[in-house]
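Participant: Every position in the sequence shown, counted from 1, becomes a number in our numbering once 78 is added.
Where a beta carbon is used, it is the ideal one built from N, C-alpha and C, also for glycine.
Since we're looking at a predicted model, the values are computed, not measured.
I am attaching a structure below and will ask some questions about it afterwards.
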Amino acid sequence: MATQANPPPTFIYKIISSATPPDEPLPTALPVSPLDQRSQFIHASTSAQVLGTLNAFFADEPRIYILRIPYARVKQFVKWEDSNGLSKEEACWDASVEGGAGLFPHIYNGLKLGKDEVDEVKIWERNEEGWLAKGWPFGDVDVPK
């Protein structure tokens, strides 16, 4: 697998549009998003990347579902890549790539994301000013910066 974050995160996050809410209780495998289907991996973000991901891809959504994934549950399937799925070496990556967001945790496990990988699902509401750390639905744990 590609170089991992150092130190590795405690959690990574999958953002889901409020138009496609996850079933409760979570199934063994959630429906795969069109982006993940095209890419053939599950796009995820660290807490430091969540706000950038929200503002880039979910800017107009008033709310989203955010799935918290303990990194230890998926680390053997994670490759750290740019948003297009290129490794640091393939992308000639440096700190300015992705607006400084760094490499993203992409999950390569046959597009399976469900109750075995996810420990908690929350709804997150966008503030009037946009997506901000204020309102982070997981309390004081792993707050985006």
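At a cut of 8 Å, does the stretch 198–213 reach the stretch 178–189 through at least three beta carbon pairs?
Facilitator: No: the two stretches stay apart, fewer than three of their Cβ pairs being nearer than 8 Å.
Participant: Just checking, does the stretch 146–162 make contact with the stretch 101–111 on the three C-beta pairs under 8 Å criterion?
Facilitator: Segments in contact, no.
Participant: Start and end of the beta strand (DSSP E) containing L191?
Facilitator: Looking at the DSSP string, L191 is not in any beta strand (DSSP E), and its letter there is neither H nor E.
Participant: From the DSSP output, read off the bridge partner residues of V199.
Facilitator: Answer is L145.
Participant: Taking C-alpha atoms, which residue in F135, S165 and T124 lies nearest to Y91?
Facilitator: The option with the nearest alpha carbon to Y91 is T124.
Participant: Mind the definition here: the stretch 190–203 touches the stretch 142–160 only if three or more C-beta pairs lie below 8 Å; say whether that holds.
Facilitator: Yes, the stretch 190–203 touches the stretch 142–160.
Participant: So, L132 versus I93, is the Cβ gap smaller than 9 Å?
Facilitator: Cβ atoms of L132 and I93: closer than 9 Å.
Participant: Just reading off the alpha helix (DSSP H) that S117 is part of, what are its end residues?
Facilitator: Start and end: P112 to S117.
Participant: Could you pull the start and end residues of the beta strand (DSSP E) that V156 belongs to?
Facilitator: V156 -> beta strand (DSSP E) spans V156 to E159.
Participant: With 16 as the cutoff for other CB atoms within 10 Å, does Q154 come out buried or exposed?
Facilitator: With fewer than 16 other Cβ atoms within 10 Å, it is exposed.
Participant: Would you list the residues sitting across from P183 in a DSSP beta bridge?
Facilitator: Looking at the DSSP assignment, P183 forms a beta bridge with W158.
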